[in-house]
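Notes follow the structure.
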Amino acid sequence: MKYVQPRPSSIVAALYTARDLEVDVAVLHGPSGCSFKHARLLEEDGMRVLTTSLAENEFVFGGQSRLEDVLLYAEEKFSPKRMAVMGTCVSMIIGEDLQAAIDNSGVLTETIAVDIHAGFTENIDGVIATLKPAADIGWITHDELSRQQVLLKAANQVERLRGAAVKEYIEPSRGDLKHLVAKRLVELIREGKKGVAIMNAKKETAYMFADSLLAFHEIAPNANISYSANLELRGLPKVKRDAERIIRDLDSGGLSYVKQGALDEYGATGDLLGKWIQEENPDFALLTGVPHAIEQKYTDGIECFSITNGPRQVAPLKDLGHAHVVVEIDLHPKTLGVRSIIESEFGAVLRSMA
Numbered sequence: 001m002k003y004v005q006p007r008p009s010s011i012v013a014a015l016y017t018a019r020d021l022e023v024d025v026a027v028l029h030g031p032s033g034c035s036f037k038h039a040r041l042l043e044e045d046g047m048r049v050l051t052t053s054l055a056e057n058e059f060v061f062g063g064q065s066r067l068e069d070v071l072l073y074a075e076e077k078f079s080p081k082r083m084a085v086m087g088t089c090v091s092m093i094i095g096e097d098l099q100a101a102i103d104n105s106g107v108l109t110e111t112i113a114v115d116i117h118a119g120f121t122e123n124i125d126g127v128i129a130t131l132k133p134a135a136d137i138g139w140i141t142h143d144e145l146s147r148q149q150v151l152l153k154a155a156n157q158v159e160r161l162r163g164a165a166v167k168e169y170i171e172p173s174r175g176d177l178k179h180l181v182a183k184r185l186v187e188l189i190r191e192g193k194k195g196v197a198i199m200n201a202k203k204e205t206a207y208m209f210a211d212s213l214l215a216f217h218e219i220a221p222n223a224n225i226s227y228s229a230n231l232e233l234r235g236l237p238k239v240k241r242d243a244e245r246i247i248r249d250l251d252s253g254g255l256s257y258v259k260q261g262a263l264d265e266y267g268a269t270g271d272l273l274g275k276w277i278q279e280e281n282p283d284f285a286l287l288t289g290v291p292h293a294i295e296q297k298y299t300d301g302i303e304c305f306s307i308t309n310g311p312r313q314v315a316p317l318k319d320l321g322h323a324h325v326v327v328e329i330d331l332h333p334k335t336l337g338v339r340s341i342i343e344s345e346f347g348a349v350l351r352s353m354a
């Protein structure tokens, strides 16, 4: 399928993966504006992102010496433990040898070369391009590399079948009004209906998606609700640390829940969560994070309340029969650099109804 709407960049995916690997400095070998927004956002999350700022003359004659200079500067300036050099469309087209630049620079910091550009059909290619040299240098095991490849394919499949990649173009939407959705949830609680509340969130977005579960528990601590969160401790270093922090906050909030899946397994948990829903046999379900990982066959006949951070995910969720869909706008930027659960808009609305 050829998409006419913008899709995630493999270069950006490589940058986020470097961050999850606890890379201290990432060097984009390309023009200064390449991936500017995400580079700045990632600095909020603690990873320095530099650029070689290639200009027109380097587009023709190459910029390997420039890359070597920036690597030396990064090592001297920041004393990093790990660095990564990220390819861009320009550096890949002109055939720059990233590994040769690392070797010739003389830096002593462990550094990986990520040969990537934005021309790949799927952004997961950027993740894999980062994980492979990370496994070769010993930052992760080859077993973890294989695990990540399986999870990435599963996440891609979910997006193709039921997510924002299901059509060539999807109209963005802000979803349903949060106060009306919250009001309906409160009505069901007061009627004594049985429910499930599930967080199936992608990595750091869980810092906000988890808040809806906390808010739900706060306003109805004795309601007939079963909770689940994908907080099993597996994955890349940062992903596991994020899970540990969110577990700490949920536990301190007095929430009782089952752990099903890890923060990087959001695309592969559909059957596990779907079968659990059927076992619980609820009247309604609150689904936060990546609700569309769960097939419609598991939620038919259940009143579903879905919380997503994707304006283009609203229509696909409605097509799956979800009665209520709300969007946490700009959730991802708000969860970069945080180290504890932060209040969501929907969580705040729920609390206001208590």
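Just so you know, we're using full-length UniProt numbering here: the sequence shown kicks off at 1 and counts up by one.
Glycine included, C-beta positions come from ideal geometry on N, C-alpha and C.
Just so you know, these numbers come straight off a predicted model, no measurement behind them.
Who are K259's beta bridge partners in DSSP? A229
Flag this pair as yes or no: are the beta carbons of residue 414 and V27 separated by less than 7 angstroms? Any question about residue 414 goes unanswered here, given that the chain covers just 1 to 354.
Runs of alpha helix (DSSP H) wholly within the stretch 183 to 260 (minimum 4 residues, chain order): 206 to 219, 237 to 252
Residue span of the beta strand (DSSP E) that contains R339, given as start and end: Premise fails: R339 is in no beta strand (DSSP E) and is neither H nor E.
Taking the C-alpha atoms as reference points, what is the distance between V258 and L273? 11 angstroms
Completely contained beta strand (DSSP E) runs for the stretch 61 to 117, where each covers 3 or more residues: 82 to 86, 110 to 114
So the candidates are I225, N200, P237; which of them puts its Cα closest to the Cα of L231? N200
Would you tell me roughly how many angstroms separate the C-alpha atoms of L15 and R190, rounded to the nearest one? 46 angstroms
Out of E280, G235, I277, L250, point me to the one whose CA is closest to A262's CA. G235
Skipping 5 residues on each side, what residues in its chain have a beta carbon closer than 8 angstroms to that of K153? I124
Close beta carbons around L108, own chain, < 8 angstroms, minus the five adjacent residues each side: E75
Using the Cα positions of K249 and S340, report the straight-line distance between them to the nearest angstrom. The sequence shown places Asp at residue 249, rather than the Lys named in the question. Taking the straight line from one Cα to the other gives about 7 angstroms.
Nearest-angstrom beta carbon gap, G267 and V158 [assumed within contact, 8 angstroms]: 5 angstroms
Does the stretch 5 to 19 touch the stretch 41 to 50, meaning 3 or more C-beta pairs lie closer than 8 angstroms? yes
In this structure, how does DSSP classify T308 when only helix, strand and coil are distinguished? strand
Taking DSSP's pairing of strands, which residues face L286 in a bridge? A197, F305
Just to confirm before moving on: does the CB-CB distance between I247 and S228 stay below 7 angstroms? no
How do the stretch 215 to 229 and the stretch 304 to 324 stand: do at least 3 beta-carbon pairs fall below 8 angstroms, yes or no? no
I'd like to confirm the pairing. Which residues does DSSP put opposite G267 in its beta bridges? None, per the DSSP bridge assignment.
S173 and V338 - do their beta-carbons sit closer together than 7 angstroms? no
Please list the terminal residues of the continuous beta strand (DSSP E) segment that includes R351. That residue, R351, is in no beta strand (DSSP E); its alpha helix (DSSP H) goes 345 to 352.
Please state whether DSSP places V27 in a helix, a strand or coil. strand
In the DSSP assignment, what are the bridge partners of H324? F305
By Cβ distance below 7 angstroms, which residues in the same chain neighbour V90 in space, the five residues on each side in sequence not counted? G30, P31, L54, F59
G138, DSSP secondary structure in three states: coil
So, with DSSP's three-state summary, where would you put R7? coil
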